Amino acid sequence: MFLANRAEFGGLPGDFAPGLCLGVLERSNIKIAVVPKSGFRDYGIADGAYVNSILMGEAMRQIVRGLLLTIAWVGLIPSTANAGLVVDVTFGTAGSPMGDTVAGWRFRVSQPLAVSSLGFWDEGGDGLNHAHDVGLWNTSGDLLSSTRITNTATAEESASTFGRWMFNRVATVVLTPGDYIVAATYLDLDHDQARIYARTIILPGVTYVHSMQKSFTSRLEMPDQAFPELKGGIFGPNLIAVAAPETSTLAGAMLVSIAGLARLRWPRSRRWRSRDQSPPPAP
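If you use my numbering, the sequence shown corresponds to residues 33 to 315, in order.
Quick look at the structure:
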């Protein structure tokens with residue numbers, strides 16, 4: 033867009049003030065569309081050619097309405113800027129499994145939760161000795177997300193002075209209310225230790241259930257052994273998440289937005305001919 037001044041175009045019909053040029057149409061000659069001071073009507077200037085004259089006011093109002101509705105709906109989509117650790121540790125003991133193991137914990141969510149990252153505990157905060165696969169499952173055994181954590185992962189501070197978290201971004205997964213399991217691979221007598229018997233800080237809307245593990249495997253598989261007696265948990269794997277709006281809320285906002293956009297209509301155009309002809313009267 034650019035400003036079109038009447039002084040630059042001699043013989044413009046009607047009373048034009050400088051305004052935004054809405055585009056250039058090409059036919060047999062060049063036509064310039066400008067916004068007049070009154071009527072908000074586009075006029076074209078041509079010699080012996082048809083030019084469209086389009087009423088803009090109502091169309092623009094409807095476009096703005098539709099955009100605002102869409103922005104309002106998008107605003108309900110969870111933002112990762114407000115995401116936080118699902119669990120953090122403030123105390124506990126460093127521990128390693130006996131034998132290759134997949135270990136982690138089961139948790140319950142009471143409201144929709146959007147998971148954007150999976151991570152692993154770095155005991156001592158001095159880097160991992162080897163890579164660890166981290167997975168997230170529902171209780172039906174479906175793997176919802178997974179990643180491999182190495183020293184190239186993004187470090188996140190912990191409330192504990194004993195280490196830090198290492199995270200990778202993953203495609204966002206929205207967890208509906210229910211139980212889930214997060215777990216990671218460990219090697220026999222792994223030097224990348226987990227925090228066990230830990231005091232924790234839990235994200236609102238999330239409840240720790242109990243520890244889980246699957247013994248004698250180095251592959252990422254859903255743990256099938258529960259350890260409710262290990263009350264402090266096996267906090268090696270972790271998640272970053274943020275509360276997500278209810279599905280019904282999103283659906284309602286989307287329907288309102290679609291209804292608003294469906295009302296958009298481009299006004300009827302009128303044609304007039306010759307630079308000497310006066311523009312058509314406003315409807």
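Glycine residues also receive a C-beta, built at the ideal position from the N, C-alpha and C atoms.
Predicted model only: the values in this text are computed from it and were never measured.
In angstroms with no decimal places, state the Cα-to-Cα distance between Trp137 and Gly159.
23 Å
Outcome for Ile213 when other beta-carbon atoms lying within 10 angstroms are tallied against a minimum of 16:
buried
Use the C-beta contact count for Val106: other C-beta atoms within 10 angstroms, 16 or more gives buried, fewer gives exposed.
For Val106, the pLDDT reaches just 44, beneath the cut-off of 50, and the residue's location in the model is therefore unreliable, leaving the point undetermined.
Under the three-state reduction of DSSP, which class applies to Asp220: helix, strand or coil?
coil
Return yes when the Cβ of Gly195 is within less than 7 Å of the Cβ of Ser178, no when it is not.
no
Top-ranked residue by Cα proximity to Asp154, from Leu219, Gly268, Thr217
Gly268
contact_flag[the region 139-147, the region 178-194] where n(CB pairs < 8 Å) is 3 or more
no
Which word fits Met198, buried or exposed, when buried means at least 16 other C-beta atoms lie within 10 angstroms of its C-beta?
buried
Taking the straight line between their C-alpha atoms, what separation do you get for Val206 and Leu176?
10 Å
Can you tell me whether Ser172 is buried or exposed, with buried defined as 16 or more other CB within 10 angstroms of its CB?
exposed
Let me confirm a value: His164 is counted as buried when at least 16 other C-beta atoms fall within 10 Å, else exposed. Which label applies?
buried
Inter-residue spacing [alpha-carbon to alpha-carbon] between Leu252 and Tyr240
21 Å
Could you check the C-alpha separation between Pro236 and Thr122 for me, to the nearest Å?
17 Å
Rounded distance between the beta-carbons of Ala215 and Ala273, thought under 8 Å
With a Cβ gap of about 16 Å, Ala273 and Ala215 do not count as contacting.
Short check: CB of Ala191 to CB of Asp120, under 7 Å?
yes
Rounded distance between the beta-carbons of Ile228 and Gly124, thought under 8 Å
6 Å
Exposure label - Thr217; buried when at least 16 CB within 10 Å
buried
With which residues is Met244 paired in a DSSP beta bridge?
Gly136, Ala258
On the premise that Thr232 lies in contact with Gly210, defined as a C-beta separation below 8 Å, what is that separation, rounded to the nearest angstrom?
No, Gly210 and Thr232 are not in contact; Cβ-Cβ is about 20 Å, not under 8 Å.
Could you check which residue in Asp220, Glu188, Val202, Lys263 has the C-alpha nearest to that of Asp132?
Asp220
Out of Gly127, His242, Ala187, which has the shortest C-alpha to C-alpha gap to Asp222?
Gly127
Euclidean distance between Cα positions of Glu189 and Ser149:
14 Å
Which residues in the same chain have their Cβ closer than 8 Å to the Cβ of Gln245, if we skip the five residues on either side of it in sequence?
Pro129, Thr133, Val134, Ala135, Gly136, Ala215, Pro255, Gln257, Phe259, Ile266
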